[in-house]
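This report refers to the structure that appears directly beneath it.
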């Protein structure tokens, strides 16, 4: 088994329950880690035999465009889509963070982290 990580993907989106968040949006950070058998591509050096991190990044960007009230919902959609599209993936951990959340205090970010194994 092996892991592929995408760290600090920065995206602007319109998630949240407040009207202001829906209209003007917020900045987000997404971190992803997947597990898969990487032994074959480690030997073959063939992109077609591994989990393409460009594909993973595109899934994240596309799912972050779909507005949700909760970060939990966004994280679960990302995981579901990875499992649907990339059968080699056996485990996904995703963390979605809202930067400077509107919670009435000096808070750098709030995060939701989900980890699912199939």
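In full-length UniProt numbering, the protein residues as written are 1 to 118.
We put the beta carbon where it would ideally sit given N, CA and C, even for glycine.
When the options are compared against residue i, the one with the closest alpha-carbon
i, options, result
"residue 77", "23, 113, 20", "113"
"residue 70", "2, 6, 9, 16", "16"
"residue 65", "105, 54, 28", "28"
"residue 13", "37, 63, 105, 91", "63"
"residue 58", "73, 42, 79, 49", "79"
"residue 115", "49, 41, 75", "75"
Integer Cβ distance of residue i from residue j, believed to fall under 8 angstroms
i, j, result
"residue 11", "residue 30", "7 angstroms"
"residue 96", "residue 111", "7 angstroms"
Endpoints, alpha helix (DSSP H) assigned at residue i
i, result
"residue 18", "Note, residue 18: premise wrong, no alpha helix (DSSP H); not H, not E."
"residue 78", "71-85"
"residue 60", "53-65"
"residue 44", "39-44"
Cβ neighbour criterion (16 or more within 10 Å) applied to residue i
i, result
"residue 60", "buried"
"residue 82", "buried"
"residue 34", "buried"
Residue range of the beta strand (DSSP E) that includes residue i
i, result
"residue 103", "From DSSP, residue 103 is part of no beta strand (DSSP E); its letter is neither H nor E."
"residue 119", "With the chain running from 1 to 118 in the structure shown, residue 119 is simply not present."
"residue 111", "109-117"
"residue 95", "89-99"
Residue i and residue j closer than 7 angstroms at C-beta
i, j, result
"residue 51", "residue 36", "yes"
"residue 98", "residue 44", "no"
"residue 32", "residue 89", "no"
"residue 56", "residue 6", "yes"
Any chain D beta carbon closer than 7 angstroms to residue i
i, result
"residue 29", "Annotation note: the requested chain D is absent from the structure, which comprises a single protein chain."
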